[in-house]
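Student:
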Amino acid sequence: MKITLRDENFIYEVIGDKSLKIIEYVGNEIENLDFIPNYEMKIKNKYYVEKLNSNHFNSTFYVTAIGKEVFMGHTKLKEVFIPPRIKSISYLAFKGCDNLKIVRGGDDLEEIGEFAFYGCKRLTNIELKDKLKRIRSHAFGECYSLKSIIIPASVESISSDSFLWCSNLKIFLDLNKDSRNWEKYWNRCSINHGVEEDNYISVYWKNEWNLDYNRNPRINKK
């Protein structure tokens, strides 16, 4: 049985004793998403709640997940802040947000789901933090404007084609060797179906790059 509640911006699903997942955005079209709740939420108004039993009232909840398709196709969205306590971004969550340029925050993020940012053609800046464990297939596919990304040493698995069609991207790894759980085609850029060889994104290991004064990655001079 799905247990849900809502406020003026979101509909949430209860997914644990203390956890909520955003399953729908019901607010107005926005350019800057910086109001995902990062505070304890207490359920007091039964009129905003569906299928909750009395044990949930006055319980404290935190938002820990962004569900599938929640912001898909929100073409006015330009900037997103992922607050602490958010652990997962689900399937298609931000797909097709054509004008999304910057994703900030994500200090507690552990998983980026399949197609989560697929088709965010103007995305130029996203910082992956050191609690991230999994990047699922096509998570950043068709992010044509993404030029660099640093993958932290905490990442345990990256699925095939996570960066498919990211033709301008360079990947900088905060580790010196591959992880056993990364799939074979994790850094594939294009699929050519046997007409010619598939293309792959350039990858730089920890000893091959450093940060400049603006904390952007740069390749070491030889």
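The numbering of the sequence shown is the working numbering, which starts it at -12 and goes up by one.
Cβ coordinates follow ideal geometry from the N, Cα and C atoms, glycine included.
#1: Count the other CB atoms within 10 Å of the CB of Leu156; is the residue buried (16 or more) or exposed (fewer)?
#2: Which residue's Cα is closest to the Cα of Thr51: Glu0, Thr62 and Asp161?
#3: Taking Thr47 as the reference, which of Gly60, Pro24, Lys63 and Gly54 has the closest Cα?
#4: Just to check my reading of the structure: Ile53 and Ser77 have Cβ atoms closer than 8 Å, yes? What is that Cβ distance to the nearest angstrom?
#5: Rounding to the nearest angstrom, what Cα-Cα distance links Phe150 and Glu11 in this structure?
#6: Return the CA-CA distance between Ala80 and Ala126, expressed in angstroms with no decimal places.
#7: Determine the contact status of Asp85 and Arg109, defining contact as a CB-CB distance below 8 Å.
#8: Around the Cβ of Ala140, are there at least 16 other Cβ atoms within 10 angstroms (buried) or fewer (exposed)?
#9: Quick one: is Glu18 buried, meaning 16 or more other Cβ sit within 10 Å of its Cβ, or exposed?
#10: Taking C-alpha atoms, which residue in Gly100, Ile99, Cys107 and Phe68 lies nearest to Gly83?
#11: With 16 other CB atoms within 10 Å as the buried threshold, where does Ile138 fall?
#12: According to DSSP, is Lys193 helix, strand or coil?
Tutor: Once the coordinates are examined:
#1: buried
#2: Glu0
#3: Pro24
#4: 6 Å
#5: Take the alpha-carbon of Phe150 and the one of Glu11: they are about 26 Å apart.
#6: 10 Å
#7: yes
#8: Burial call: exposed.
#9: Its Cβ having fewer than 16 others within 10 Å, Glu18 is exposed.
#10: Cys107
#11: buried
#12: helix
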